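J.:
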Amino acid sequence: MMILLELKENLKVLYAKFSVPVNALIKFMLSFFTLWVLNNNLGFMEQMDSASVMAVLSLVCAVLPYGAICLVMAMVMLGHIYMVSLEIALLTAAFMIIVMLLYYGFQPGDSYWLILTPLAFFLKIPYAVPLLAGLSGTLIGIFPVSFGIVIYYIISYVKQNAGVLTNDTTADVTQKCVQMLRAMISNHEMMVFLAACAAGILIVYLIRTMSVDYAWIIAIALGTIGQFAVVFVGDFFLDVTLSLVNILIGMLISVVIAGAYHFFVFAVDYSRTEFIQFEDDDYVYYVKAVPKVAVSKSDVRVQRMNNPRRFRRGGRQE
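Residue 0 is where the sequence shown starts when you use numbering that gives the first Met the number 0, and the numbers rise one by one after that.
1) In three-state terms, what does DSSP make of P20?
2) Return the bridge partner residues of Y284 from the DSSP annotation.
3) State the DSSP-derived secondary structure class of K7, mapped to helix, strand or coil.
4) Secondary structure at C12, three-state DSSP: helix, strand or coil?
5) Give the single residue among A214, N245 and Q226 whose Cα lies nearest to the Cα of H261.
6) Going by C-alpha to C-alpha distance, which of V264, D268 and D280 sits closest to K7?
7) According to DSSP, is V128 helix, strand or coil?
8) With DSSP as the reference, please indicate the residues paired to V319 in a beta bridge.
9) Between which two residues does the alpha helix (DSSP H) harbouring T240 extend?
10) Quick check on I203: does DSSP put it in helix, strand or coil?
11) On a Cα-Cα basis, can you pick out the residue from N38, A54 and S57 that is closest to D48?
12) Can you tell me which of the three DSSP states K291 falls into?
13) Going by CA-CA distance only, name the one from L34, L41, A61 and P64 that's closest to V52.
14) Please state whether DSSP places F230 in a helix, a strand or coil.
15) Straight-line CA distance for N22 to D281?
16) With DSSP as the reference, label V157 as helix, strand or coil.
17) Just the Cα atoms here: how many angstroms apart are N160 and I154?
18) Determine which residues share a DSSP beta bridge with V267 and list them.
19) Going by C-alpha distance, which of L205, Q226, V177 and L85 is nearest V128?
20) Express the C-alpha separation of G147 and I87 in angstroms, rounding to a whole number.
21) Tell me, to the nearest whole angstrom, how far the beta carbon of M44 is from that of M82; I am working on the premise that it is less than 8 Å.
22) If you reduce the DSSP assignment to three classes, tell me which class N186 lands in.
23) Below 8 Å, how does it come out for the segment 132–152 and the segment 108–122: are there three or more Cβ pairs, yes or no?
24) Using a Cβ-Cβ cut-off of 6 Å (strictly less than) and excluding sequence neighbours within five positions of S145, which residues of its own chain qualify?
25) Is the shortest distance between the beta-carbon of V157 and the beta-carbons of chain C less than 8 Å?
26) Comparing alpha-carbon positions, which option in M99, L164, F231 and L4 lies nearest V177?
27) Can you have a look at I224 and say buried or exposed, based on whether 16 or more other CB atoms are within 10 angstroms of its CB?
In structure tokens, the structure reads:
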């Protein structure tokens, strides 16, 4: 534990010194991985099927805010979908415009969930998103996470029906759009995950903000149980076929990720909790103070004598 605490403090010091390049590196890696995932799951736009092109575009995204990065990734995704079906691309673009109007006008600060949520689904750990969103944000996080889930299933729909959408020249624009809307609305698996993620964020956020000991740990545990309950109920009533082994493995990995986030962001020592009471002219304040766990780096200095003097047994110096 002491080694981890020292590592945490060293990382905090390192980030404080090099926060600008570290943030740029994180954006670059996130953008490059997102482009790689899009190319591997869609891959219909040959211009993007190049590591150099992805690297250059990721370098541009490294200096952009997360909202602009989401816009760049949306344009790349629309380009892939356009190569399959113009109608589906237009419908997807309309959905994204609605997302921008409804979301970016109110809470643009955590737009990175629009990227992280589909990536978590592709990595088979979707249960980590509600835990992290509930621990780090507010209930508004339900909206970008939900939009991210819909984007993931749009990509999955285009990937699974690319051959039909490309070769079906007899259907007009309206028919293709109606087919996609019906497929999305009737997708019970998407509805289950929308409900599970919303329930997970709600549970985690409400418990995390309580003034109880080990609130974050309890929130992670109950948030995971809540998601499992919603998925189980959806699997039973909506006949959604999900692998129990994949669910358990995904939830276990998600708990580990959330636990690591808790350790590096909100590690406190409840054994040294103090309760303070004071008042002013209008209010009486009752404050619960919990100190954070921190390890100060020891400053050990060793002084070496170049010419040490030797002493005889009688106490005389040589």
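Even for Gly, the Cβ is constructed at its ideal location relative to N, Cα and C. Every value quoted in this text rests on a predicted model; they were computed, and no experiment measured them.
T.: So, to answer that:
1) Against the sequence shown, residue 20 aligns to sequence position 21. Reduced to three states, the DSSP call for P20 is helix.
2) The sequence position of residue 284 within the sequence shown is 285, counting from 1. DSSP, once it has assigned bridges, lists F277 as partnering Y284.
3) Mapped onto the sequence shown, residue 7 falls at position 8. Here K7 sits in helix by DSSP.
4) The residue given as residue 12 occupies position 13 in the sequence shown. The displayed chain sequence assigns Val, not Cys, to residue 12. In this structure, V12 counts as helix in the three-state DSSP scheme.
5) Position 262 of the sequence shown, counted from the start, is the residue given in the question as residue 261. Looking at the Cα atoms, A214 is the closest of the given residues.
6) Against the sequence shown, residue 7 aligns to sequence position 8. The residue from V264, D268 and D280 with its alpha-carbon nearest to that of K7 is V264.
7) Along the sequence shown, one-based indexing puts residue 128 at 129. DSSP places V128 in helix when its eight states are reduced to three.
8) Because residue 319 is not part of the residues shown, which for the chain are 0 to 317, the question remains open.
9) On the sequence shown, residue 240 is found 241 positions in, with the first residue counted as 1. Unbroken run through T240: none, as it is neither H nor E.
10) Residue mapping note: residue 203 aligns to position 204 of the sequence shown, counting from 1. The question names Ile, but residue 203 is Val in the sequence shown. It is helical.
11) For the purposes of this step, residue 48 is taken as the residue at position 49 of the sequence shown. The shortest Cα separation from D48 among N38, A54 and S57 belongs to N38.
12) Counted from its first residue, the sequence shown places residue 291 at position 292. Note: K291 maps to strand in three-state DSSP.
13) By 1-based counting over the sequence shown, the position of residue 52 is 53. Of the residues L34, L41, A61 and P64, the one whose Cα lies closest to the Cα of V52 is L34.
14) In the sequence shown, counting from the first residue as 1, residue 230 sits at position 231. Residue 230 is actually Val in this sequence, not Phe. If DSSP states are grouped into helix, strand and coil, V230 belongs with the helices.
15) Reading the sequence shown from its first residue, position 23 is the one you call residue 22. Reading the sequence shown from its first residue, position 282 is the one you call residue 281. Computed Cα separation, rounded: 44 Å.
16) In the sequence shown, residue 157 corresponds to position 158, counting from 1. Note: V157 maps to helix in three-state DSSP.
17) Residue 160 sits at position 161 when you count from the first residue of the sequence shown. Residue 154 sits at position 155 when you count from the first residue of the sequence shown. Each residue's alpha carbon lies about 10 Å from the other.
18) Position 268 of the sequence shown, counted from the start, is the residue given in the question as residue 267. V267 is bridged by DSSP to K291.
19) The residue given as residue 128 occupies position 129 in the sequence shown. Nearest of L205, Q226, V177 and L85 to V128, Cα basis: Q226.
20) As a position in the sequence shown, residue 87 is number 88, starting the count at 1. As a position in the sequence shown, residue 147 is number 148, starting the count at 1. Spanning the two alpha carbons is a distance of roughly 17 Å.
21) Start at 1 with the first residue of the sequence shown, and residue 44 comes out as number 45. Start at 1 with the first residue of the sequence shown, and residue 82 comes out as number 83. Contact holds; Cβ gap of about 5 Å.
22) Here residue 186 corresponds to residue number 187 of the sequence shown, with the count starting at 1. In the three-state DSSP reduction, N186 falls in the coil class, being neither helix nor strand.
23) yes
24) Counting from 1 along the sequence shown, the entry for residue 145 is found at position 146. L193.
25) Here chain C cannot be found, since the structure has a single protein chain.
26) Taking the sequence shown and counting its residues from 1, one reaches residue 177 at position 178. Checking every option, the nearest Cα to that of V177 belongs to L164.
27) In the sequence shown, counting from the first residue as 1, residue 224 sits at position 225. The residue is exposed, with fewer than 16 neighbouring Cβ atoms inside 10 Å.
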